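If you read the sequence shown in the working numbering, its first letter stands for residue 174, the second for the next number, and so on.
Here a beta-carbon is modelled for each residue, glycine too, at the ideal position from N, C-alpha and C.
These figures come from a predicted structure and were not determined experimentally.
Shown next, in structure tokens, is the structure this report addresses.
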Amino acid sequence: MNVKLNNRIKELVCEEVAIVQYNPAWPKMFEDEAAFLRWKLPQNLVKRIEHFGSTAVPGLSAKPIIDILVEVTSLEETKKQIVHLLEAEGYEYFWRPAFGDDGPPYYAWFIKRNSESKRTHHIHMVEADSELWDRLYFRDYLRQFPAEAKCYDELKKKLSEEYPNDRAKYTEEKSDFILLVTKKAKEYYKSQN
174 MNVKLNNRIK
184 ELVCEEVAIV
194 QYNPAWPKMF
204 EDEAAFLRWK
214 LPQNLVKRIE
224 HFGSTAVPGL
234 SAKPIIDILV
244 EVTSLEETKK
254 QIVHLLEAEG
264 YEYFWRPAFG
274 DDGPPYYAWF
284 IKRNSESKRT
294 HHIHMVEADS
304 ELWDRLYFRD
314 YLRQFPAEAK
324 CYDELKKKLS
334 EEYPNDRAKY
344 TEEKSDFILL
354 VTKKAKEYYK
364 SQN
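Below, the structure written as structure tokens:
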């Protein structure tokens, strides 16, 4: 990894972890961004666009960043055709590992910021077979089971106080809960079919 990129990643990891109360404007922010992406990006590459993460769960506190999962037909073509389009619009681009700090599988990740340089959107571009689609099980389960969402809400608030400027540690400390609930959600939804 080159020095400039390594320094940029260190800066990103140290940005504030600010958890705020649920904002009913978040679904509209997702819809607006999804419409922009459908308009701006090559239609032959972009398939599904989903709102996920805490801002996609009504009533759940969250970092005020809209997480968007975009299915692309090819990550290689995404690098060739999409990266320059979004960078020209001011998005930051990273080729990042899907899990952990190193190693495959990778995906295309974009950060959109507002005029105050605060993150507003994270765009995660993956192919149809990516394990990141499991995040929709987690989202749907929290939507359906408010007690689980409340536990997650409390965990995130606690961790944001413990790690206010360490996004990596904040995320790492949530991972056991997310994995457990995702497993439970997958079993639950598969049993419903």
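Subject >> Glu-223, DSSP secondary structure in three states >> reply: Three-state result, Glu-223: strand.
Original post:
Rounded C-beta distance between Glu-244 and Ala-301? I'm assuming under 8 angstroms.
Top reply: That pair is a contact at about 6 angstroms.
Original post:
Between which two residues does the alpha helix (DSSP H) carrying Phe-370 extend?
Top reply: Since the displayed the chain opens at 174 and closes at 366, residue 370 lies outside it and no answer follows.
**OP:** Pull up the DSSP beta-bridge partners for Leu-239, would you.
**Re:** Leu is not the amino acid found at residue 239; the sequence shown has Ile there. Partner(s): His-294.
**OP:** Leaving out five residues on either side along the sequence, give the residues of the same chain with a beta carbon under 7 angstroms from the beta carbon of Gln-254.
**Re:** Contacts found: Pro-215 and Leu-218.
Original post:
How long is the line joining the alpha carbons of Pro-337 and Glu-327, rounded to whole angstroms?
Top reply: Note on geometry: alpha-carbon atoms of Pro-337 and Glu-327 lie some 15 angstroms from one another.
Subject >> Residues bridged to Val-299 [DSSP beta-bridge criterion] >> reply: Under DSSP, Val-299 shares a beta bridge with Glu-244.
Subject >> Given Tyr-279 as reference, the closest of Arg-292, Val-299 and Glu-260 once Cα atoms are compared >> reply: Closest by alpha carbon: Val-299.
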